[in-house]
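Residue numbers (the working numbering): 90 to 269.
Cβ coordinates follow ideal geometry from the N, Cα and C atoms, glycine included.
Report on the structure given below.
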């Protein structure tokens, strides 16, 4: 189950395999995910730039757990130490990934609108890259509401992005959010 403060891995018998926060050191979460999915992740790297650190991406099919490479700042200091992206079903039939708000990849944009997103924004300059729907902007990383305070730290929201045609959700991401 994915949430504002992190995620919980629940076994088929409904027992918890662990609860992990977005800010904590990721090795235990990666080990638990590896056990749950029954295979090692495929690893890749997203290069950093002047705004974001480098990330190591641990992927199991359509489930990707991205963790920052600590270099100039620590996980506690950085605004986005880790995040999860869903693009499809994970590689294991035994794993069910549940995003909040009833979201899942493959939903139509109209289905997402019916769920009542906090925000709908065009992707790209004129929306040519699709639509972004954002849920949960009024809470902090523990799920408590914070009144949507601009610049509030530790607010993980759920972002659903459509493809360029704006009709179908292709990715769902749990990520920190700072309202400008």
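Could you tell me the alpha carbon to alpha carbon distance between residue 192 and residue 226, rounded to whole angstroms? When only Cα atoms are considered, residue 192 and residue 226 end up about 15 Å apart.
Alpha-carbon to alpha-carbon, residue 150 and residue 251: So the alpha carbons of these two residues sit roughly 19 Å apart.
Apart from the five residues on each side of it in sequence, which residues of its chain come closer than 7 Å, Cβ to Cβ, to residue 238? Residue placement at residue 238 cannot be trusted, given a pLDDT of 42 that sits under 50; what the coordinates show is reported in the next sentence. Cβ within range, chain order: n/a, list empty.
Residue interval of the alpha helix (DSSP H) (run including residue 121): Note, residue 121: alpha helix (DSSP H), 116 to 126.
What is the DSSP secondary structure of residue 113, reduced to helix, strand or coil? Here residue 113 sits in coil by DSSP.
Residue span of the beta strand (DSSP E) that contains residue 135, given as start and end: Taken as a continuous stretch (DSSP letters only), the beta strand (DSSP E) holding residue 135 covers 131 to 135.
Buried versus exposed, by CB contacts within 10 Å (16 or more), residue 134: That one is exposed.
Between which two residues does the alpha helix (DSSP H) containing residue 199 stretch? Residue 199 -> alpha helix (DSSP H) spans 198 to 203.
How should residue 140 be labelled, buried or exposed, when 16 other C-beta atoms within 10 angstroms of its C-beta is the threshold for buried? Residue 140 is exposed by the Cβ-count criterion.
Pick from 90, 95 and 114 that is closest to residue 104, judged by C-alpha positions: Nearest in C-alpha terms to residue 104, of all of 90, 95 and 114, is 90.
Just to confirm before moving on: does the CB-CB distance between residue 152 and residue 118 stay below 9 Å? Taking C-beta atoms as the reference points, residue 152 and residue 118 fail to come closer than 9 Å.
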